[in-house]
Every structure is written in C-alpha cells, then in structure tokens.
Amino acid sequence: VMAASAYHSTARCVDRDAAWRLRSPCRPCASSNVPSASDSSSNTCGSSDFSSLAAAAKARVLAGLTASLRSADGWEARASSAEEFAAATGRAVLGLGPAELAAVREKLLSDGVRRQEELASAEQLAAAVFERALSGKLIEEAQQSGDYWGGASAVPAAQCRWRRASQLITDGVRSALRPSHGDGIAVVDGALSPAEVAAARSELLAMDGSARLSEVRHQAAQGVRNDRIGWLSADQLEASGSRALSLAVRLLRALPAEVQEAGGWPLAVPLPVQAAVYDGSRAHAAFYKPHLDCKEPASNPRRLTAILYLQPPGWDGGGELRAWRRDGEAVEIAPLGGRLVLFRACDVLHEVRPAFATRCALTLWAVTA
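For the sequence shown, position 121 matches number 121 in full-length UniProt numbering, and the numbering has no gaps at all.
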C-alpha cells in the first residue's frame, strides 16, 4: 500500500518556517471501522483529527527545510506537490484494516519514530506516515535543487591538503575505505593531542552554551536523534578566536585528499563542518538512531564521512558509534578523544548508542567531485 511504501521515505531535517497550510481537503475514509482519536468504535474516519495532527507535523518539517528549498526557483510548487503526495499517503492509512494498522504501528515503533502512546489511533498513525513522507519528499527536492550538502562551496580535495593529515592516513586506511573493497570503515587514534582535544572541546561547549547549536527539531520530534548541531568553518573560527576548533576543522578538511589517493573516488570538500553535542545523562540519554549518511546517491553527493571525537580522558559515558559491516556484523567504536572514524557514506549503516554524558564530535562529509 501507498502508506507502507511512503513510510520508508528518508527522514532527515534541518530548519525553517511553516510557509503554507495543508491544502488537501478532508474526505471520508474508505473504511468505516477505523478508530478515531476520540472513539475507537466511531464510524467516522477522524479526518479533522488527522488534518490538525498533519498540520503540526508539517510545521515541524518546514522548520527544518524551507531555507534549503528557497535556494531553488519554483520551490513553492514543488513543496506543494510534495505536500499533496504526503497527504494522500497519510490518508491511505485511514483506509487500512486493523491488522494493517497494527503492522504500520509496529514498524514505526521498531524504528523509534514514535512512542506507543503517540500511535494509539489511526489518525496518529496517518499523521506519522504523512510526516515521514513529506520530510522525505522535501529533502529529495532540497538535495536535487539546492545546496543541501554544501556542494556549491566545495573545492577539490587536493586544495585542502595538509601534511599533518598525510601522517594519519596510511595505506591500510586507504585500502579499507576504497570503494567496493572491505567494510568501508577505518579508525585512527591520536589525530589530536589531549591538550588539543581539551581546548577544542572547551570552545565547542562555549558555543553550545551561547545557543549557537540547536537540535534538529523534526528528527527530535520523531525520536530519530536528540543531539544539538551547528556548522563551523575554519575561517570564521579563526576570526572569532576559536583556534583549537579551527585546527580540528582544518584537519578534517585535509583528510579527503589523502583518502582519495587510493583511487576510484575523486572527492571535493565543502566549507562547513558539523559540530554535534549529545547532552546525555543517566536519566535522559542522547542518541541517533541507525541511518545511512547517503541513502540516495543520485541526489545526495556525500561519499566519505569523517568524524573526530572530543571526549576527555577516561571517557565512560557511552555514545559508542555502532556500525554494521558488509556481513551484517555490528562493531562498536568508543568515541575517545582524538579518535578519527572514517567510513563510506553510502555503504555503512550506523548509529550513536545512548550517551550518558556530554559527547562532542565534529563531522565532515566529503562529496563527489
């Protein structure tokens, strides 16, 4: 069914404002025995309940995507088309029978998209599917039409070369990351000294404390992730006096030039690097559910992920990176300070396991040249 296929739409997010209202009119559902939000025995489909829930979901999605969409001409028409598709997809759920509704609920729960109490009615299920479908369609539009991943600012990797990076990327690392070879994962320790890690972490936490990082609201609402992120450039960091972070960003941006020496994938390096703070505790862990960084290579140019961790010595706060090898076996990599993890963005499914303390990381995505 349409609802089942749409559920698998990619759900990523960024940040914007609710610019238009739900256009699809309410209409009777195909089944008279679908429970409504207020009465599970009702013979009505609860379209008004679905519409109000979908409107709230739409506002969350738009809070993350309008700016990216606005970078392309005709974005309003494409966004309207995406909304119509998502509304039809969500309403298709209202026509499902009890067994099919249970299957949709189980899938949403297993993916951590919603909690049990948020999926009690057919209307709540329909709105959750609507949100996933709308997000996926709009992200696809942003990737195809705008500069969603920073490709417009990207420069050939060779222009970012730095000898310090060349000392970290060995032939073994290149071999592990080469397209169509191995598991596509490499770990390098000691990329930064303990003093450099401490200084970069201090600068990043100061930025977080001044509200320069924010959660990805749509994904947080879906239960996909609950970290806070921001985007950093070396030039801006240097100008603002954040020299330790500037050094770390420069190092990350120099890595693709060394990795591509293995051949097979010319890379370009965008200007910004993502900073992420997972502000976890024993009571409220921070996490990021399993995902691929590049699920749609035709519209998503990301090819190499490089993560640099900024934890203090003796870290025992969880937040391991769990990554799946080609054979399906999962490996867990502790986010130790100064550690680099590199992997092929299109191939390696991964997640951030629950973090019970403040976990800091910088991530660069090199794009196809």
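Cβ atoms here follow ideal geometry from the backbone N, Cα and C, with glycine treated the same way.
Here the alpha carbon of Gly263 sits roughly 7 Å from the alpha carbon of Arg178. In this structure, Tyr309 lies near Val341, with their beta-carbon atoms less than 9 Å apart. Ala186 has Leu342 as its beta-bridge partners, per DSSP. With respect to His350, Trp324 sits close: the two C-beta atoms are nearer than 9 Å. Comparing C-alpha distances from Ala127 to each of Gln167, Val173 and Glu83 shows the shortest one belongs to Glu83.
Contact between Ala186 and Val173 holds, since their C-beta atoms are separated by about 4 Å, short of 8 Å. With contact defined as three or more Cβ pairs closer than 8 Å, the region 236-243 and the region 320-340 are not in contact. If the five residues before and after Gly230 are omitted, its C-beta is found closer than 6 Å to the C-beta atoms of Arg212, Leu213 and Ala275, all from its own chain and listed in chain order. For Asp235 and Thr89, the gap between their C-alpha atoms comes out near 45 Å.
Ala154 carries a coil assignment under DSSP once its states are collapsed to helix, strand and coil. Distance from Arg303 to Ala345 at the Cβ level is roughly 5 Å; contact confirmed, criterion being Cβ atoms closer than 8 Å. Residue environment: Asp293 is assigned as buried (16 or more neighbouring CB atoms within 10 Å of its CB, all protein chains considered). The beta-carbon separation of Arg326 and Asp183, rounded to 5 Å, stays under the 8 Å limit for a contact. In the DSSP assignment, Gln236 falls within the alpha helix (DSSP H) that extends over Ala234 to Ala239. In the DSSP assignment, Phe85 falls within the unbroken alpha helix (DSSP H) covering Trp75 to Leu94. If you ignore the 5 residues before and after Arg161, its C-beta comes within less than 7 Å of the C-beta of Ala254 and Ala257, all in its own chain and listed in chain order.
Exclusion of the five residues before and after Glu203 leaves Ser242, Ala244 and Leu245 as the residues of its chain whose Cβ lies within less than 7 Å of its Cβ.
Where Asp171 is concerned, the enclosing alpha helix (DSSP H) starts and stops at Asp171 to Leu177. Rounded to whole angstroms, the Cβ separation of Gly319 and Tyr278 is 6 Å, and the two are in contact under 8 Å.
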